[in-house]
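Undergrad: Before I ask anything, here is the structure I am working with.
Chains as they are written, first to last, in our numbering: chain X, 5 to 508; chain Y, 5 to 508; chain Z, 123 to 298; chain A, 123 to 298.
Shown next as C-alpha cells:
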C-alpha cells in the first residue's frame with residue numbers, strides 16, 4: 005500500500021453528487037479540495053439548498069418526492085452525461101445501496117464511487133449476507149435455522165450458551181419472544197411459547213437463538229482498493245439509539261479490548277475480501293460482553309464517518325475517490341484521542357415526531373476540536389419530504405473524558421431556532437452516568453432521566469417571566485450596549501414553525 | 005515530564021479572563037471543558053459581546069477606552085477578589101505582558117496564567133532581551149554596537165558577512181539605510197551615508213549590521229513548567245504580513261530543515277531557561293537562507309497558537325493552566341500534516357483602514373479540518389475602540405498542498421456582511437505562486453497581484469447587473485424554492501456600515 | 123404584578139421592579155418566604171438575551187410557540203408557560219380547567235397508516251390512537267386524557283396536512 | 123434596457139429578458155458582438171443569491187454600499203458600480219465628470235495625529251494629506267486627484283467622528 009501522494013492530481017474531472025443535505029456538502033468539500041468539479045442535482049423544492057449553491061454546476065431533476073428526483077437513477081445518469089461528469093458519488097441513502105444503479109453507471113462508463121453492483125447486491129440481501137459472512141468466518145448470533153424436536157432442545161441450548169431466546173417464526177416487534185436463563189426454564193418456556201405462537205399467529209414454529217445481553221452497536225470502517233488491499237480503520241460505537249436510529253456515536257468504543265478490536269477488524273477484512281469489495285464500507289456488529297456478532301455490512305459512506313476521520317486524520321471521501329480511480333488505499337495511520345458525533349435531527353425530544361418549520365436563526369459552535377457538518381442556513385425549511393437530520397456536530401479531544409466535556413461545551417454553544425431538535429436528548433445522554441462511565445448499551449435512552457436539570461429550568465423560568473414582565477408592563481428598556489439593530493429591545497423571536505399540540 | 009492525566013481535576017476553581025473578543029472565548033472554552041468556572045470582565049460598550057454571554061459570571065469594569073477598563077489592573081484584581089477567582093488569564097494584548105500586573109497578581113495571591121513578573125520584564129525590554137539571548141547562545145543579527153573607524157570597517161564587514169547594511173544611528177523608518185553587497189562599495193557608501201546622516205539628522209554616526217536577505221518570520225512555541233522542563237512545539241511561519249501585522253500563518257515552515265528546527269528549538273529552550281520561564285511562550289526569529297536570528301520573545305499566548313494546536317493536537321490553553329498550577333508540562337507529541345491560519349480583520353484590503361460597522365450577517369465555513377475562533381455574532385459592532393481582528397480561520401490537512409486547498413475552500417464558504425475584511429487579500433496570498441511554491445518572504449504582500457480573478461469579476465458584474473435589472477424593471481420574481489421568509493425576492497442586504505469615500 | 127412560570131418541575135412565582143438600569147426580581151418560594159436578586163438584561167439583535175442575575179450570567183434565547191415560551195440555554199431547551207396575575211384571574215373566571223374534550227390534530231403532514239380506535243371507543247390517556255407516516259417514520263399520536271372517541275375524521279391511507287383535525291374525543295362521561 | 127457594470131477590469135454591458143421562470147441575459151462584447159445565456163435566479167432569505175448561468179452556478183451575496191455594489195463570491199469581494207441606460211444619459215446631461223473639488227472626510231472615528239498640508243498648498247493625487255489614529259493604527263488618508271487645499275477644518279490632536287469633513291480641496295487652477 006502506498007501512502008497518499010499529493011502529486012497524484014485529481015482522480016476525476018467532474019463528479020455528480022446524487023444526494024442532498026449535509027452529505028452532499030461533505031462530498032463537495034473534498035471534491036473541491038481535490039480539484040474535481042462538482043455537479044449538484046436537485047428537486048423542485050431544493051433550488052436554494054446549500055448543496056446547489058456550493059456546486060460548480062446544478063441541474064434540476066424533478067419533483068420533491070424522492071421517487072421523482074433523487075431516486076431517479078435514469079435521470080441522474082442522463083445529467084452526468086450532459087454535464088460531462090466522469091463519476092457519481094451517491095452519498096448515503098437514496099441510490100447509494102442500489103445495485104442496479106451501480107450496474108447502470110458501469111454500463112454508462114461513469115465511475116460509481118462505491119463497490120461493485122455485485123458486492124452491493126450480496127450485502128444488501130440479509131440472508132445472503134449472513135451466508136457469506138458465515139463462510140468468511142465472521143461470527144453470527146448463534147442460533148438454529150430450523151425448529152428442533154423438544155428432546156434435542158437442551159443440548160442445542162447448551163451449545164448456544166445461556167441465556168437463550170425462544171422466538172416465534174411468525175412473530176415480530178418483540179411479540180412471541182421468551183428469554184430462558186437456564187436449563188430448568190427451557191422446556192416449560194418452549195411449550196408456552198409454542199402454544200402462544202400457535203394461538204397468536206396460527207404458526208407454532210419456535211426457533212432457538214442466543215439472547216444477546218447488554219447489546220452494543222459497534223462497527224468497523226474498512227477501505228478496500230482494486231489491488232487487493234483491505235485496510236481497517238478501527239471501530240465506532242453507535243449504541244445511543246432511539247427507534248433504531250443512531251443519535252450519538254463515539255470512537256473508540258470504551259470497552260473494546262485491543263485484541264478483540266484486531267479480531268473484529270480481521271473479520272471485517274475477510275468479509276470485504278469475500279465479496280471483492282472496493283471502496284469505503286462498514287461492517288456492523290452487535291457487541292456483548294466480550295463477544296461480537298455480525299449484523300450487516302453497509303456498502304457506502306456512513307453518516308457517522310467523521311469520528312473515524314477525526315481520530316485517524318483521514319479524509320474518507322478522498323480515499324473513496326482515490327481507490328475508485330485505481331490508486332492504492334492509504335496506509336492506516338495511528339489513531340489519536342477520542343471523538344464523538346451528535347446528530348442534530350429536527351424532532352421533538354418527547355414525542356420523537358419530526359419537527360417541521362423554518363430555521364429562523366442559528367448559532368454554531370466553534371473553537372478547538374469542533375467540527376460541524378451542516379446543511380443549515382437562515383431560512384432553511386424542514387419539510388416532510390426528506391430525512392430530518394439537519395447537521396452533525398463532531399468533537400475530538402485527547403481522551404474520552406475531555407471529548408465528552410467538549411461535546412457538552414459545543415452543544416451549549418449550538419442554537420437552532422425555528423424547529424425543535426434532538427440535541428437536548430443528546431445532552432442528557434452525554435451527562436448521564438451510564439454514558440460517562442462507558443457502561444451502557446442500546447437501551448441507554450430508555451433508562452436515563454430526560455428532564456433538563458432543575459437549575460436550568462429555574463433560570464429559564466426567570467428569563468421567561470422577566471421577558472413577559474417587560475412586554476406586559478411596557479417598560480422602556482434601554483438597549484444593551486452593542487445590541488446593534490433597531491429592534492425593540494425585548495422583541496421575542498417568533499416561532500414561524502407551528503408546534504404540535506403537545507405543548508400547551 | 006508526565007503525560008496529561010485526566011484524573012487531575014480542575015487546576016483552578018474560577019478564572020477571571022482579563023480580555024475580550026476571540027481570545028477571551030478561546031480561553032473560556034478550555035476553562036469550561038476543564039471544569040473551571042469563568043468570570044468575564046467587560047467595558048460599557050461590550051455588555052452584549054460573546055465573551056460576556058458565554059461566561060459564568062460577568063462584571064462591568066468601566067468605559068470603552070481600554071485605559072478605563074481592560075487595562076485597569078487594579079479594578080480587575082478587585083473583581084477577581086470579589087468573585088472568588090483564584091486565577092487570571094490575560095489572553096494577549098492588554099495586560100498580558102505587563103510585568104507590574106503580574107507582580108500585583110502574585111502579591112494578591114491570585115495565579116497569573118503566564119510567566120513571572122521578572123521574566124516578563126526581562127523579555128519586554130528589547131535591549132535586555134538581546135543581552136540575555138546573546139548570553140544564552142541565541143544568535144542575533146550580527147552587527148556592531150558602536151561606530152568603528154573607517155580603517156576597521158572592511159575587516160568588520162567581512163566578519164559580519166556581505167551583504168551588510170549601514171544604518172544611521174539617528175535614522176528611522178528606512179531613512180539613512182544603505183545596502184552594501186561587496187567590499188568595493190563599502191567605503192564610498194560609508195562616506196555618503198555619514199554625510200547624509202549628518203545633514204539629515206545632525207548626527208553622523210553610522211552603524212554596520214548584517215543585511216538579512218529574504219527575511220522570513222519563523223517562531224518557536226515553548227511550554228515550560230515549574231519543574232525545570234521546557235518543551236518546544238515546533239515552529240510557525242508568519243511571513244505574510246502587512247504593516248508588520250501578520251495576516252496568514254502556517255506550520256510547519258516549508259523551508260525549514262529538521263536540523264535547523266532542532267537548533268531553533270534548542271536555542272528557544274535555552275532562552276526560556278535563562279529567565280526561569282514558566283508557561284507558554286514564543287520566541288520569534290528572522291529566518292534567512294538557512295540561518296536564524298533572534299527577534300524577541302513574547303511572554304504570552306500568541307494569536308496564531310491554533311496552528312500549533314492543530315498539528316500537535318495539544319490544547320495550549322489547557323497546558324498554560326496546568327503548568328501554572330504546578331503540574332508537569334505535557335510530553336511533546338508527534339506533529340502531523342500542515343496547518344494554516346487566516347486572520348479575519350475588519351479592514352479595507354486596498355487602504356488597510358479599519359472598516360467599522362455592524363455585522364448584518366455571516367456564513368461560517370465547516371466540514372473536515374476547519375476551525376473557526378470567532379467573536380462575531382449577528383449585530384456585532386466593529387468599533388474603533390479595540391483591535392480590528394474579528395475571527396481566525398484555521399485549517400489542517402495531511403500536507404501543505406491540501407491545507408492550501410482547504411483554506412481556499414473554507415474562505416469561499418466564509419461570508420461576512422456589514423464590514424469589509426482582509427480575507428480577500430488572504431485569498432490572493434494563498435493563490436499566489438510565491439506562497440504555493442513556499443518560496444516567499446515578508447515582502448510577499450507587496451509583490452503579488454491583489455486583484456480578484458477576471459472570471460470572478462465577470463460573474464460579479466453579471467450578478468450585480470441582473471439584480472439591478474430586477475429592481476429597476478420591477479419584474480415580479482417568483483421566490484426561489486426554499487427561500488423561506490416573506491422578504492421581497494430580490495431585496496438586497498443594505499449596508500448598515502458607512503463605507504469610506506474611497507469607493508465611489 | 124406577579125408572574126407565574128409553569129415548568130415540568132413545578133411553578134415559580136416572580137415579581138419585578140425597575141431600579142434605573144437594573145431590575146430587581148423577587149421570587150416567592152413555596153414556604154411563602156421570598157428572595158430578591160438584581161437582574162441586568164441585555165437583549166441582542168441576534169435574538170439572544172443575556173441576563174446577569176447578581177453577576178451570574180444566564181445566556182438564553184427565547185421563542186414563543188403558541189401560548190408557550192421556549193427558552194434555550196446551556197444546550198437545554200425548556201418549554202414553559204408564563205401567566206401573569208390578570209391572566210390567572212381571567213382563567214379562573216372562565217371556568218375550571220380539564221374535563222374538556224380533546225382534538226387530535228396532525229402534528230405534521232403525512233399519511234395516516236393506522237387508526238387504533240373507532241367512534242364510541244373509550245380511550246385512556248397515553249394510548250396510541252393514530253399512526254402517521256412522515257419522513258419515512260411511523261409517528262404514533264397519543265391521547266392526552268381519558269375520554270370517548272366522538273368522531274373520526276380520517277381513514278387509513280389518507281394524506282393529511284399539518285394541523286388537520288383527525289379525531290375528536292369527548293371527556294369521559296362520568297366527569298362531564 | 124442596457125445595464126453597465128464598471129469594474130476594476132473594465133466595463134461589462136448586459137441586457138435581460140424574462141422568459142417565464144427563466145431570464146435570458148445578453149452580453150454585448152467589446153467588438154460589438156454579443157452572447158446570450160440563460161439565467162436562473164434563486165434569492166434566499168439568508169441574503170445569498172444563487173444564479174445558474176447555463177447550469178453553471180454563481181453563488182453570491184450582494185450588498186449595496188452607497189452608489190456601489192459589493193458582490194461576495196468564491197471568497198472574493200468585488201466592488202463595482204452598475205448604471206442603467208437612463209442613469210447614464212442623465213449623468214451625461216448633468217455634465218462631464220472630474221474637475222470637481224474633493225472633500226476629505228474621516229473614514230472612521232479617530233484622532234488627527236498629523237496634517238501634511240496647509241491652505242493654499244498644491245497637492246497631487248495619491249499623496250498623504252492627513253493621518254488619523256484609530257484602533258491603535260496610523261491611518262493615512264490620501265488625495266484622489268490633483269488640486270489646491272482650500273480649507274483645513276481640523277487641527278492635530280482633534281478627535282473626529284466618522285464622515286466628519288477634514289479638508290476641502292479645489293480642482294487645480296488650470297483645469298477649473
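All C-beta atoms in this analysis are idealised placements derived from N, C-alpha and C, irrespective of residue type, glycine included.
#1: Starting from residue 61(X), find everything on chain A with Cβ-Cβ shorter than 7 Å and list it in chain order.
#2: So, does the stretch 198-208 of chain Y touch the stretch 132-146 of chain Y, judging by three or more C-beta pairs under 8 Å?
#3: Starting from residue 172(Z), find everything on chain Y with Cβ-Cβ shorter than 7 Å and list it in chain order.
#4: State yes or no: is the beta carbon of residue 382(Y) nearer than 8 Å to at least one beta carbon in chain Z?
#5: How far does the alpha helix (DSSP H) with residue 104(Y) in it extend, from its first residue to its last?
#6: Quick one: Cα of residue 171(Z) to Cα of residue 313(Y), how far?
#7: Within 10 angstroms of its Cβ, does residue 52(Y) collect 16 or more other Cβ (buried), or is it exposed?
#8: Which residues of chain X have a Cβ atom closer than 7 Å to the Cβ of residue 238(Y), listed in chain order?
#9: Using a beta-carbon distance below 8 Å, is residue 317(X) in contact with chain Y?
#10: Answer with buried or exposed for residue 139(A), where buried requires no fewer than 16 other C-beta atoms within 10 angstroms of its C-beta.
#11: Give the secondary structure of residue 169(X) by DSSP, where H, G and I count as helix, E and B as strand, and everything else as coil.
#12: Can you list, in chain order, the residues of its chain whose CB lies under 8 Å from that of residue 220(A), leaving out five sequence neighbours each side?
#13: Measure the beta-carbon distance from residue 20(Y) to residue 87(Y) and round it to whole angstroms, keeping in mind my assumption that it falls under 8 Å.
#14: If the cut is a Cβ gap below 7 Å, which residues of chain D does residue 463(X) touch?
#15: For residue 251(Y), which residues from the same chain have a beta carbon less than 8 Å from its beta carbon, with the 5 sequence-adjacent residues on both sides left out?
#16: Would you call residue 153(Y) buried or exposed, if buried means 16 or more other Cβ atoms sit within 10 Å of its Cβ?
#17: Residues of the stretch 355-388 of chain Y in Cβ contact with chain A at a cutoff of 7 Å, in chain order, please.
#18: Taking all protein chains shown into account, do 16 or more other C-beta atoms lie within 10 angstroms of the C-beta of residue 212(Z), making it buried, or fewer, making it exposed?
#19: Roughly how many whole angstroms lie between the Cα atoms of residue 227(X) and residue 234(X)?
#20: DSSP puts residue 349(Y) in a beta bridge; with which residues?
#21: To the nearest angstrom, report how far apart residue 203(X) and residue 291(Z) are at their CA atoms.
#22: Once the 5 residues before and after residue 243(Z) are set aside, which same chain residues still bring their CB inside 6 Å of it?
#23: Where does residue 7(Y) fall in DSSP's three states?
#24: For residue 123(A), count neighbouring Cβ atoms within 10 angstroms of its own Cβ and tell me buried if that reaches 16, exposed if not.
#25: Just grab the DSSP bridge partners of residue 260(A) for me.
#26: Using only CA atoms, which one of 107(X), 59(X) and 57(X) lies nearest to residue 81(X)?
#27: I'd like to confirm the pairing. Which residues does DSSP put opposite residue 302(Y) in its beta bridges?
#28: Report all residues from its chain with a CB closer than 8 Å to the CB of residue 317(X); omit the five preceding and five following residues, and keep chain order.
#29: Which of the three DSSP states, helix, strand or coil, is assigned to residue 188(Y)?
#30: Pick from 467(Y), 311(Y), 332(Y) and 476(Y): whose alpha carbon is nearest that of residue 128(A)?
#31: Is the beta carbon of residue 223(X) closer than 8 Å to that of residue 287(X)?
#32: Run through chain Y and tell me which residues come within less than 8 Å of residue 247(A), C-beta to C-beta.
#33: Taking all protein chains shown into account, do 16 or more other C-beta atoms lie within 10 angstroms of the C-beta of residue 34(X), making it buried, or fewer, making it exposed?
#34: Could you give the uninterrupted runs of the alpha helix (DSSP H) lying entirely in the stretch 160-224 of chain Z, keeping only those of 4 residues or more?
#35: Measuring straight from C-alpha to C-alpha, what distance separates residue 46(X) and residue 461(Y)?
#36: Have a look at residue 325(A) and residue 477(Y) and give me their C-alpha separation to the nearest angstrom.
TA: Let me spell this out:
#1: One-based indexing of the first chain puts residue 61(X) at position 57. 177, 178 and 179, listed in chain order.
#2: no
#3: What you label residue 172(Z) is simply residue 50 of the third chain in a count that begins at 1. Simply 52, 56 and 57.
#4: For the purposes of this step, residue 382(Y) is identified with residue 378 of the second chain, where counting begins at 1. Output row for residue 382(Y): interface = yes.
#5: Position 100 of the second chain holds residue 104(Y). That run of the alpha helix (DSSP H) goes 103-111.
#6: By 1-based counting over the third chain, the position of residue 171(Z) is 49. By 1-based counting over the second chain, the position of residue 313(Y) is 309. Using only the alpha carbons, I get a separation of about 33 Å.
#7: Within the second chain, numbered from 1, the residue matching residue 52(Y) stands at position 48. When all chains shown are included, residue 52(Y) counts as buried.
#8: Counting from 1 along the second chain, the entry for residue 238(Y) is found at position 234. Result: empty, since nearest Cβ-Cβ is about 16 Å, beyond 7 Å.
#9: Position 313 of the first chain, counted from the start, is the residue given in the question as residue 317(X). Yes, because at least one Cβ of chain Y sits closer than 8 Å to the Cβ of residue 317(X).
#10: The count along the fourth chain starts at 1 and reaches residue 139(A) at position 17. So residue 139(A) counts as exposed.
#11: Here residue 169(X) refers to the residue found at position 165 when the first chain is read from its first residue. Three-state DSSP puts residue 169(X) in a strand.
#12: If you number the fourth chain from 1, residue 220(A) lands on position 98. Model confidence at residue 220(A) stands at a pLDDT of 43, short of 50, so the residue's coordinates are unreliable; what they give is reported in the following sentence. Closer than 8 Å at the Cβ level, and outside the excluded window around residue 220(A), lie 267.
#13: Reading the second chain from its first residue, position 16 is the one you call residue 20(Y). Reading the second chain from its first residue, position 83 is the one you call residue 87(Y). Sure, about 7 Å apart at Cβ, within 8 Å.
#14: The structure shown contains no chain D; its protein chains are X, Y, Z and A.
#15: Sequence index remark: in the second chain, residue 251(Y) carries index 247 (1-based). Taken in chain order, the residues that qualify are 244, 245, 346, 347, 349, 426, 429, 430, 433 and 449.
#16: Position 149 of the second chain, counting from 1, holds the residue named residue 153(Y). Exposed is the call here.
#17: 357, 358, 360, 365 and 388
#18: Here residue 212(Z) refers to the residue found at position 90 of the third chain. By the 10 Å Cβ count, residue 212(Z) comes out exposed.
#19: The count along the first chain starts at 1 and reaches residue 227(X) at position 223. The count along the first chain starts at 1 and reaches residue 234(X) at position 230. About 6 Å.
#20: The residue labelled residue 349(Y) in the question sits at position 345 within the second chain. DSSP lists 393(Y) as partners of residue 349(Y).
#21: What you label residue 203(X) is simply residue 199 of the first chain in a count that begins at 1. What you label residue 291(Z) is simply residue 169 of the third chain in a count that begins at 1. Using only the alpha carbons, I get a separation of about 34 Å.
#22: The residue you call residue 243(Z) lines up with position 121 of the third chain. The residues are 271.
#23: The residue given as residue 7(Y) occupies position 3 in the second chain. A caution first: residue 7(Y) carries a pLDDT of 47, below 50, which makes its placement in the model unreliable, though a value can still be read off. Reduced to three states, the DSSP call for residue 7(Y) is coil.
#24: Along the fourth chain, read from residue 1 onward, the residue named residue 123(A) stands at position 1. So residue 123(A) counts as exposed.
#25: Locating residue 260(A) in the fourth chain gives position 138, counting from the first residue. Paired residue(s): 255(A).
#26: Sequence index remark: in the first chain, residue 81(X) carries index 77 (1-based). Ranking the options by Cα distance to residue 81(X), first place goes to 107(X).
#27: Counting from 1 along the second chain, the entry for residue 302(Y) is found at position 298. Note: residue 302(Y) sits in a beta bridge opposite 286(Y).
#28: Walking along the first chain from the start, residue 317(X) turns up at place 313. Correct list, in chain order: 337 and 340.
#29: The count along the second chain starts at 1 and reaches residue 188(Y) at position 184. Helix, per DSSP.
#30: Numbered from 1 along the fourth chain, position 6 holds the residue referred to as residue 128(A). Taking only the C-alpha atoms, the option nearest residue 128(A) is 467(Y).
#31: Numbered from its first residue, the first chain carries residue 287(X) at position 283. Numbered from its first residue, the first chain carries residue 223(X) at position 219. Contact flag set, yes.
#32: Translated into the one-based positions of the fourth chain, residue 247(A) becomes position 125. What residue 247(A) touches in chain Y: nothing, since even the nearest Cβ is about 13 Å away.
#33: For the purposes of this step, residue 34(X) is identified with residue 30 of the first chain, where counting begins at 1. When all chains shown are included, residue 34(X) counts as buried.
#34: 207-216
#35: For this step, residue 46(X) is matched to residue 42 along the first chain. For this step, residue 461(Y) is matched to residue 457 along the second chain. Rounded to whole angstroms, residue 46(X) to residue 461(Y) spans 27 Å at the Cα level.
#36: No answer is possible for residue 325(A): it lies beyond the span of chain A, which begins at 123 and ends at 298.
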